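Enquirer: This is the structure I want to talk about, given as structure tokens.
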Amino acid sequence: MPASETYIGLMTGTSVDSIDVVVLDIGTDNLSLTLKGSLSYPIPQGLRKDIFDISHGNNDDLHAVALLNNTLADHFATTINQLLEKMSLDVNQIKAIGSHGQTIRHHPSGASPYTIQLGNPHRLAELTDITTVADFRQRDIAAGGQGAPLAPAFHQKIFLQADETVIVLNLGGIANISIIKPDGSISGLDTGPANTLMDGWISTNLDKHYDAEGTWAATGKLHDLLLDRLLSEPWLVKKPPKSTGPELFNLEWLNKKLHGLDIPAVDVQRTLCEFTAVTVSQAIQQYAGDATKLILCGGGTKNTFLRNRLATHLPDIKIQTSSEYGIDPEWIEAAAFAWLAYLTMHNLPGNIPSVTGANHPVILGAIYPGHSKK
């Protein structure tokens with residue numbers, strides 16, 4: 020048996036800003052993790068619009084969905100092949116790809132729950148010639164879970180502390196927390212929007228994809244009535260396990276909250292940033308009151324103003340980023356799906372029922388074989 024196996028992790032989140040790909044070495048004896056390389060591929064504006072149109076329900080045409088499924092796989096393959104070329108790696112050196120795919124629907128509750136991620140794994144395996152593991156969320160939902168969050172299994176692996184409870188906060192489109200106890204027990208939940216509303220609002224008003232460092236929000240004034248309306252969302256008081264996405268927290272939802280209010284756009288952005296900080300801090304205070312450390316990851320880590328607001332609401336918690344543990348915040352989620360692919364390839368469960376609410380641990384995803392000999 021080789022001393023390590025090499026996996027590729029691929030992630031596109033609800034912010035739909037980039038395709039993030041990492042190469043992760045995993046020790047076969049001690050399960051050590053070494054990030055060997057990474058690449059971020061900006062999603063073209065036209066493709067981004069197509070994703071939003073379908074994910075927000077503006078286009079339910081099955082032909083359009085099928086074409087997008089293939090187009091995403093093409094872009095995924097291009098990004099992977101660029102990274103392999105950059106690192107002078109041969110496909111035979113890669114054990115498998117862990118591809119999250121692009122979420123276009125996530126409805127984990129009700130009589131017939133489901134989730135849909137696009138990025139045709141058959142096509143991806145064919146274009147890269149690498150075995151691909153994909154469709155990670157469906158099995159957890161079939162087992163009674165939310166299908167999310169799944170990253171806590173990876174957070175547990177790299178952030179477990181022997182002497183204190185830590186929280187890992189992923190600031191992607193949606194914010195989610197992993198609460199990791201010294202004994203290894205873990206819980207977690209989505210807390211609400213992280214970047215998705217702020218990104219959508221600045222895109223509508225300033226034609227920018229995101230509020231760099233939170234500089235626009237920082238110039239606005241907090242609008243208390245709007246914040247109260249945002250915080251009145253019933254989902255926020257739902258008990259975990261729970262997950263959410265832009266199918267709930269989107270601009271249509273925001274515009275309903277804005278009805279009858281005449282607020283400058285910059286003040287809305289300021290209030291949206293506060294909404295993220297408040298919902299995160301409330302969840303931490305409710306479910307992780309004994310935690311002493313908060314570790315940030317995800318694109319929202321770059322939002323300096325949001326980080327300052329979190330520090331204000333959580334004065335007794337030390338705030339760090341995942342960089343202090345060896346992995347840049349930008350690559351945590353992609354690395355998580357490389358890890359989940361490893362677990363699947365070794366017939367090991369990848370969900371954590373105490374996080375997702377599943378009835379039992381399950382092996383996640385489906386395997387789409389490549390042609391190359393490993």
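In terms of our numbering, the sequence shown opens at residue 20 and continues consecutively. We treat Cβ as the ideally placed atom computed from N, Cα and C, and that holds for glycine. Only a predicted model underlies this, so the values are computations on that prediction, with no experimental measurement involved.
#1: Expressed to the nearest angstrom, what Euclidean distance is found between the alpha-carbon atoms of Ser-197 and Thr-98?
#2: Could you give the C-beta distance for Gly-164 and Thr-375, rounded to a whole number, given that I count them as a contact under 8 Å?
#3: In chain order, what residues of the same chain lie with their CB nearer than 6 Å to the CB of Ile-135, ignoring the 5 residues before and after it?
#4: Comparing C-alpha positions only, which one of Leu-54, Asp-39 and Glu-24 sits nearest to Tyr-344?
#5: Go through its chain and collect everything with a Cβ distance to Asp-230's Cβ below 6 Å, but skip five positions before and after it.
#6: Count the other CB atoms within 10 Å of the CB of Trp-358; is the residue buried (16 or more) or exposed (fewer)?
#7: Who are the near neighbours of Leu-205 in its chain, counting only those whose CB is closer than 7 Å to its CB and skipping five residues on each side?
#8: How about Ile-27 and Phe-178: do their beta carbons lie closer than 8 Å?
#9: By Cβ distance, which residues of its chain are closer than 7 Å to Phe-95, with the 5 residues on each side in sequence left out?
#10: Would you kindly report the start and end of the unbroken beta strand (DSSP E) that includes Thr-320?
#11: Three Cβ pairs or more, each shorter than 8 Å: is that satisfied between the segment 272-289 and the segment 241-261?
#12: Mind reading off the beta-carbon distance from Gly-120 to Ala-213? Whole number of angstroms is fine, and I expect it under 8 Å.
#13: Would you mind reading off the limits of the beta strand (DSSP E) that contains Gln-121?
#14: What separation, rounded to the nearest whole angstrom, lies between the Cα atoms of Ile-62 and Val-185?
#15: Is Lys-337 near Lys-312, with beta carbons less than 8 Å apart?
#16: Closer than 6 Å by C-beta to Gly-369: which residues in its own chain qualify, once you throw out the five before and the five after it? Chain order, please.
#17: Starting from Ile-45 and walking both ways along the beta strand (DSSP E), at which residues does that stretch end?
#18: Given this structure, state the Cα-to-Cα distance separating Ile-149 from Gln-112, to the nearest angstrom.
#19: How big is the Cα-Cα spacing for Asp-247 and Ala-22?
#20: Give me, in chain order, the residues of the same chain whose beta-carbon lies closer than 6 Å to that of Leu-91; leave out the 5 immediate sequence neighbours on both sides.
#21: Assign Pro-350 to buried or exposed, taking buried as 16 or more other Cβ atoms, counted over all protein chains shown, within 10 Å of its Cβ.
#22: Give the DSSP bridge partners of Asn-189, in chain order.
#23: So which of Ile-116, Ile-346, Ser-342 and Thr-31 has the shortest CA-CA distance to Gly-192?
#24: Report yes if the C-beta distance between Thr-210 and Asn-195 is below 8 Å; otherwise report no.
#25: Would you mind working out which of Asp-309, Ile-160, Ala-296 and Val-297 sits nearest Ala-130, comparing C-alpha positions?
#26: Once you ignore the five residues that flank Arg-67 on each side, which residues in its own chain have a CB closer than 6 Å to its CB?
#27: In three-state terms, what does DSSP make of Tyr-60?
#28: In the DSSP assignment, find the unbroken alpha helix (DSSP H) run with Gly-279 in it and report its ends.
#29: Helix, strand or coil: how does DSSP classify Gln-112 here?
#30: Does the Cβ of Pro-140 have 16 or more other Cβ atoms within 10 Å, making it buried, or fewer, making it exposed?
#31: Can you tell me whether Thr-363 is helix, strand or coil according to DSSP?
#32: For Val-84 and Ile-73, I'd like the C-alpha separation in whole angstroms.
#33: Just to confirm before moving on: does the CB-CB distance between Pro-127 and Gly-166 stay below 8 Å?
#34: Compare the Cα-Cα distances from Glu-352 to each of Asn-327, Leu-190, Ala-302 and Trp-272 and report the closest residue.
#35: Would you call Ser-262 buried or exposed, if buried means 16 or more other Cβ atoms sit within 10 Å of its Cβ?
Expert: Taking the structure as given:
#1: 29 Å
#2: 4 Å
#3: Ile-123 and Arg-124
#4: Leu-54
#5: Met-217, Ile-221 and Ala-236
#6: buried
#7: Reading the sequence as shown, one finds Ile at residue 205 and not Leu. Same-chain partners within the cutoff: Pro-171, Gln-175, Ser-197, Ile-198, Ile-199, Ile-371, Ser-373 and Val-374.
#8: no
#9: Leu-29, Ile-38, Ser-118, Gly-138 and Leu-143
#10: Where Thr-320 is concerned, there is no enclosing beta strand (DSSP E), given that its DSSP letter is neither H nor E.
#11: yes
#12: Not a contact, Cβ separation roughly 20 Å.
#13: 121-126
#14: 33 Å
#15: yes
#16: Ala-172, Leu-359, Leu-362 and Leu-383
#17: 37-46
#18: 10 Å
#19: 55 Å
#20: Gln-121, Leu-137 and Gly-138
#21: Checking the displayed sequence, the identity of residue 350 turns out to be Trp instead of Pro. Per the 10 Å Cβ criterion, buried.
#22: Asn-195 and Cys-316
#23: Thr-31
#24: yes
#25: Ile-160
#26: Val-35
#27: strand
#28: First-last for Gly-279: undefined, no H or E at that position.
#29: helix
#30: buried
#31: helix
#32: 7 Å
#33: yes
#34: Leu-190
#35: buried
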